[in-house]
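Below is one structure; the comments refer to it alone.
There are 2 protein chains.
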Amino acid sequence: MSSIKDVAREAQVSIATVSRVYNNPKVVRGKTKERVYSAAEKLGYTPNFLAQTLRKSIVGTIIAIVPDVSNAFFMDMVRGIQDYAESRGYNVLMGHFNLNNFDIRKYVKLIKSKAADGIVMATGHNRHFKPVKEARNVPMVTIEEEFMGNPYIYVDNFEAIKKIVEYLAFKGRKKMGFLGFKTEEERFEAFKSALKMYGLEYDKNMVKKGEEVGKAVYNSAMEYVESLVEKHKIPEAIVCTSDVLAAGAIKWLIKSGLNVPKDVAVTGFDNIEVAELVYPGITTVEQPHESMGHEAARLLINKIEGHEIAKKIVFQTRIIIRESA
Amino acid sequence: MSSIKDVAREAQVSIATVSRVYNNPKVVRGKTKERVYSAAEKLGYTPNFLAQTLRKSIVGTIIAIVPDVSNAFFMDMVRGIQDYAESRGYNVLMGHFNLNNFDIRKYVKLIKSKAADGIVMATGHNRHFKPVKEARNVPMVTIEEEFMGNPYIYVDNFEAIKKIVEYLAFKGRKKMGFLGFKTEEERFEAFKSALKMYGLEYDKNMVKKGEEVGKAVYNSAMEYVESLVEKHKIPEAIVCTSDVLAAGAIKWLIKSGLNVPKDVAVTGFDNIEVAELVYPGITTVEQPHESMGHEAARLLINKIEGHEIAKKIVFQTRIIIRESA
DNA sequence: GAATTCAATGTAAATGTTTTCATTATCAAC
DNA sequence: GTTGATAATGAAAACATTTACATTGAATTC
């Protein structure tokens, strides 16, 4: 690989001039510029990123940490992050979160060692995650939940679930079940509180909060429906905390000879492709994943570049009505 | 940020010694090491990644380019890439591919400027992608299709589709339709060739090859089924080139009052979560996405580190039988 | 024609490391 | 107490840049 030195020699100028041609072209004479350009072309020169950033001490890379489950949800978010980062000239380094084997210090180290400037974290479990002292001064923005007092992107789960229950109640459904995961407390609380609000009875037998390890999502839905059938406790509606869960529930309900939505209405959460793809289409809560990623990246980059930024950005959800409820 | 210099001063040793403590600890005396460690601790020192790689001229970053559609397929692949890269101490930079707005030169530049060492490319469209002269000497491994003579990871589409048709024929299905995209020529050819092999008739009316721009996947399935119904040309089986297409087809078939698989059998491709999630579960071809990513990363990193590597790695597919066929 | 100004370019320091080579300290053997 | 060998450390070059400061040269003004 040829360096700036080689180009300088070839073009018969100093290295400073070559550097200027790339960083501040207007200060160098047209003719000299020409010489430099053709020398660079001839030698196939590209400025060395490492040396540049070492000198300028601005890296231009952010880390995006998402769970390592293959969910379209996170893929969309990553895309939002990436698109925006790109528009600001930043690169995105992939990080991944694994519930039973995650050490954020690995990523913090990348920041401290100047391999990257900041972190967008969307684990879905920040809340259950101990603060890490090394991460104290690392520019970080989280999605969905707060972490260590950093700015975060928030979706009003409480409001969303409330709207869903309201919709179901409005449609005349009384006995409602809940299918979610242990970590989604806010949504569960919202469910219970909404039931109360609409004068509906809460039945513990119709609730399942799974463990969420690995690919248990599908099994969780299956077990849930099986236990309902076994107990002869069939709700008139099931509120699920994700579209994947809802799809699973629908599948098993149909298999058990029940009709969705006639016998049992089912609602999801996320509005990912699956919600549209299955039959019946899933009535669900839309989360603007891509925009969330977008905003997270925007906050982070602004912070990195020293601007004052918001502490919290709240996104509105809306209900998408399809056939399942 | 404190540098190696600061630590050296604090510990009263030379910078060389500090460096050695981190890179080659056994050559420095225990007591000195102690001094250095506590100085580093006190100053919160982390070696500067940029300076390190500048000096060692080994970067330790690869770029993973995947399409920007939110498909679990690619998410799995990225995970495979990332997991393996991590195990070799490499970071993964996200790149994304957009059919009508993709310029690989952006990524090539990152390599040339030493921001990264190589590229794993999984666009699904390499074949239709013009060679780029700048990319000539860039370490690159592609997935699914060859590109510019680089090593690639291959799945035998021909064989896979053949197996699917064989299975359907074996089940007594005669009139078969095909739903895929224009770019998937190999699978289409395989379909036609397999029909011939089993003495079945090819009916142009039962074929759709969509354009595949953006999120058209779902619509494509809908239009396909609608046109079949309109023409009163209902096949006994439909071979789809992805699970998403299959799910869409199933949904619209059911909506049209047809029974899957009784009236129409439907098969997918990929074996992503959706295949398990919908009802009826989709009979499909399993592609080992994660392993493919894994192998791609392995090849690339070996190439980067100067080892001799394979030109082509072929993965075996297998049929996963569920309810839809 | 000398003085002044300004545009264009060059020199050299600085960024934070690793590593080669040279030097010094330590210790055993005679 | 020398000598020699070896272990531990230091000095400085090298990696590829950017940039503050200095220098040059030409044009402008008087």
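Same order as they appear, the protein sequences are chains A and B. Just remember that this note's numbering sits 98 ahead of the position in the first sequence, which is counted from 1. Just remember that this note's numbering sits 98 ahead of the position in the second sequence, which is counted from 1. Glycine included, every Cβ here is placed at the ideal spot set by N, Cα and C. It should be emphasised that the depicted structure is a prediction, and the values quoted were computed from it without experimental measurement.
Check, Outcome
"Chain A contact for B/I348 (CB, 8 Å cutoff)", "yes"
"B/I402 - containing alpha helix (DSSP H), residue span", "H387 to I402"
"Whether A/T159 touches A/A214 by CB criterion (8 Å)", "yes"
"Cβ of A/T365 within 8 Å of any chain B Cβ", "no"
"Proximal residues, the stretch 215-244 of chain B versus chain A, C-beta separation under 7 Å", "none"
"CB of B/A373 within 8 Å of CB of B/L266, strictly", "no"
"Per-residue DSSP class, three states only, for B/D301", "coil"
"Proximity test, Cβ basis, 8 Å: B/T151 and chain A", "yes"
"Selection of the stretch 187-205 of chain B by Cβ proximity to chain A, strictly under 7 Å", "N189, V190, L191, M192 and H194"
"Beta bridge counterpart(s) of B/A335 as assigned by DSSP", "B/M274 and B/A363"
"Same chain, Cβ closer than 8 Å to B/V218, five either side skipped, listed in chain order", "I160, I161, A162, I163, I179, M238, V239, T240, I241, G391, A394, A395 and L398"
"Members of the stretch 268-302 of chain A that neighbour chain B once the beta carbon cut-off is set at 9 Å", "none"
"Proximity test, Cβ basis, 8 Å: B/M390 and chain A", "no"
"is_contact[A/A345, chain B] using C-beta, thresh 8 Å", "yes"
"Straight-line Cα distance separating B/L351 from B/A288", "24 Å"
"Classification of B/P229 by the beta-carbon crowding that lies within 10 angstroms, buried from 16 upward", "exposed"
"Beta-carbon separation (whole angstroms), B/G366 vs B/S340, contact threshold 8 Å", "6 Å"
"The stretch 320-331 of chain A / the stretch 344-359 of chain A touching (three or more Cβ pairs under 8 Å)", "yes"
"Beta-carbon proximity list for A/Y205, same chain, < 7 Å, skipping 5 on both sides", "I161, I163, G193 and I217"
"Proximity test, Cβ basis, 8 Å: A/N146 and chain B", "yes"
"B/D301 beta carbon less than 8 Å from that of B/K273", "yes"
"From B/I262, B/V315 and B/K307, residue whose alpha carbon lies closest to that of B/L293", "B/I262"
"Nearest-angstrom Cα separation, counted from A/A408 out to B/H226", "44 Å"
"Rounded straight-line distance, which links the Cα of B/Y182 to that of B/V383", "24 Å"
"Distance CB(B/A109)-CB(B/R133) smaller than 8 Å", "yes"
"Proximal chain B residues relative to A/K207, where beta-carbon distance stays under 8 Å", "T144"
"Pair within 8 Å by beta-carbon distance, A/G275 and A/M304", "yes"
"B/L356, DSSP secondary structure in three states", "coil"
"Proximity test, Cβ basis, 8 Å: A/V263 and chain B", "no"
"8 Å contact criterion, which B/N224 and B/F245 should meet: CB distance rounded", "4 Å"
"Element boundaries [alpha helix (DSSP H), containing B/Y188]", "No alpha helix (DSSP H) contains B/Y188, which DSSP labels as neither H nor E."
"Straight-line Cα distance separating A/V337 from A/I417", "13 Å"
"Rounded separation between A/V327 and A/V362 - CA only", "12 Å"
"Proximal residues, the stretch 310-343 of chain A versus chain B, C-beta separation under 7 Å", "Y316 and V342"
"Residues, ordered as in the chain, of the stretch 166-179 of chain A that lie near chain B by beta-carbon distance below 9 Å", "D166, V167, S168, N169, A170, F171, F172, M173, D174, V176, R177 and I179"
"B/R118 versus B/T130: straight-line alpha-carbon distance, rounded", "11 Å"
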